[in-house]
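Numbering (full-length UniProt numbering), first residue to last: 1 to 406.
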């Protein structure tokens, strides 16, 4: 879908590289510009002393890309980066705005050399306001600052962190969508655009239903324990073989009678304590207790059969290991094969990008690059001679991975 689109990714960590990974899967050529020493996520497993070539966390966000190692604190490094932007369709960065402006690598600085450039700035807090230049990480900017962490805690509980890169990769999806929209505009008008994605704004959209209630009513109900749910039949229940099920009740009263039939308690259908949503809310603790007893007498398979027979929306509460083995995950294309960076013809399983294009080659285009693996190739593409490339490597402005940049 994006064949012929060139993306310069001047970014580290996860959110912006995650967006670059999506664009790469969709066919774009993504050139990853790494600092001396490489993207810090290359060291994600270093503390456990692993010797394996592959790093599944880095590989997930960087598969199919090319790597050039530039020291952009040098004049020559910045010059090369500007040249790359001049010939690109997209410039993707998560470097803080102040540093980019001082280096002439902000949108205004690069628009002058490439008016058609789609420039995506991915930050913690956006490009305006008192905190625009603060560092952003998803557990802080996405999870904590947005209200997600507090909203998620059951009443009386303590804050807990989101899972690794949960907010980063949600923002990756948003950034990739914004880039594609701006590319459509650039194709029609010949003019690029600044695309701004932030962890904070993406989190507020992700929490949009709750945030809309907060903005409209000026308050929001707390997250309640399982026995105190406002809609007690929309809940989680454990079966006799220790599996948890998620039950999703539709609006109104349409699912109460079917759920009573699932647990074999048709006598409760007209019971005044539970026969209306208002009554069930008032008697939530007792209602959940009865449903617990009913589901607790069934195995997961028995409950699944009865729920399906009654057309109740439900899902198993799975572990990651169970999700990895789930045939529906496979059928939905949720797992893809990525060639190993070891270059030995092997591959490994990795999460797919978020959107499928049936019939198209929408999967990984290659392994993640070694640090500086494509530096020489990229420089040659800019017209640098072998002697000039050797001089750049010697100066430390560029590294090819054989030796660290100075």
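Backbone N, C-alpha and C define an ideal beta-carbon position, used for all residues, glycine too.
With a threshold of 6 angstroms on Cβ separation, who are the neighbours of residue 232 within its own chain once the five nearest residues in sequence on each side are excluded?
Cβ neighbours of residue 232 beyond the five flanking positions: 280, 284, 287 and 288.
I need the straight-line Cα distance from residue 349 to residue 16, nearest angstrom please.
22 angstroms
Out of 97, 253 and 234, which has the shortest C-alpha to C-alpha gap to residue 245?
234
So, for residue 323: in the same chain, excluding its five sequence neighbours on each side, which residues have a beta-carbon less than 7 angstroms away from its beta-carbon?
Once the five neighbours on either side are set aside, the close Cβ partners of residue 323 are 329.
Comparing alpha-carbon positions, which option in 353, 56, 262 and 326 lies nearest residue 304?
262
For residue 240 and residue 296, which I take to be in contact (beta-carbon distance under 8 angstroms), what is that distance rounded to the nearest angstrom?
6 angstroms
From residue 254 to residue 227, what does the alpha carbon distance come to, in whole angstroms?
21 angstroms
So, residue 2 versus residue 27, is the Cβ gap smaller than 8 angstroms?
Contact flag set, yes.
So, do the segment 106-114 and the segment 135-146 have three or more beta carbon pairs nearer to each other than 8 angstroms?
no
Could you spell out the range, first to last residue, of the alpha helix (DSSP H) harbouring residue 322?
320-325
In whole angstroms, what separates the C-alpha of residue 75 from that of residue 82?
11 angstroms
Short of 7 angstroms in beta carbon distance, which residues of its chain neighbour residue 44, apart from the five on each side in sequence? Order them along the chain.
55, 57 and 58
Give the secondary structure of residue 60 by DSSP, where H, G and I count as helix, E and B as strand, and everything else as coil.
DSSP places residue 60 within a helical segment (H, G or I) once states are collapsed to three.
Applying the criterion that 16 or more other CB atoms from any shown protein chain within 10 Å of the CB defines a buried residue, is residue 278 buried or exposed?
exposed
Return the chain-ordered ranges of every alpha helix (DSSP H) run that is complete within the segment 286-340 and spans a minimum of 4 residues.
300-309, 320-325 and 327-331
Considering only residues of the same chain and omitting the five flanking positions on each side of residue 96, which have a CB-CB separation below 6 angstroms?
Cβ within range, chain order: 133.
Comparing alpha-carbon positions, which option in 12, 25 and 31 lies nearest residue 339?
25
Only counting the same chain, and skipping five residues up and downstream in sequence, which positions put a Cβ closer than 6 angstroms to that of residue 213?
220
So what's residue 79 in DSSP terms, helix, strand or just coil?
Helix at residue 79.
What is the rounded straight-line gap between the Cα of residue 13 and the Cα of residue 368?
14 angstroms
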